[in-house]
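These notes concern the structure reproduced below.
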């Protein structure tokens, strides 16, 4: 999995996130828009099962509206994982 954070310096944020899973599958697309990328940034955790996945982030706004993008690997614990605990407040951990 990956976690994605998109923000701007207070200007409108317009972007497209694409998830490509292998050469023979169609890509999944998410279009994002917010009036103020500083007050209302976009954050998501996207599951990327298996190998060969690619995440592409495209700024669809004009050149005058730059954006900041952070994409990092993210590990979601499984119930089959020996370190998994029902008592944890969250089952999401950094990889």
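Residue numbers (our numbering): 282 to 376. In this text, a Cβ means the ideal position worked out from N, Cα and C, and glycines have one as well.
For residue 316, same chain residues with a beta-carbon under 6 Å away, outside a window of 5 residues either side, are 293 in chain order. Per DSSP, residue 348 lies in no beta strand (DSSP E) and is assigned neither H nor E.
Around the beta carbon of residue 331, fewer than 16 other beta carbons lie within 10 angstroms, which makes this residue exposed.
If you look at residue 300, you'll find it in the beta strand (DSSP E) that goes 294 to 302. Taking all protein chains in view, the Cβ of residue 296 is crowded by 16 or more other Cβ atoms within 10 Å, so the residue is classified as buried. In the DSSP assignment, the residues bridged to residue 354 are 283. When the alpha-carbon of residue 344 is set against those of 283, 289 and 285, the nearest one is in 289.
For residue 325, the enclosing beta strand (DSSP E) begins and ends at 323 to 327.
It is roughly 20 Å from the alpha-carbon of residue 320 to the alpha-carbon of residue 298.
Under the DSSP assignment, residue 337 falls in the beta strand (DSSP E) whose first and last residues are 334 to 340.
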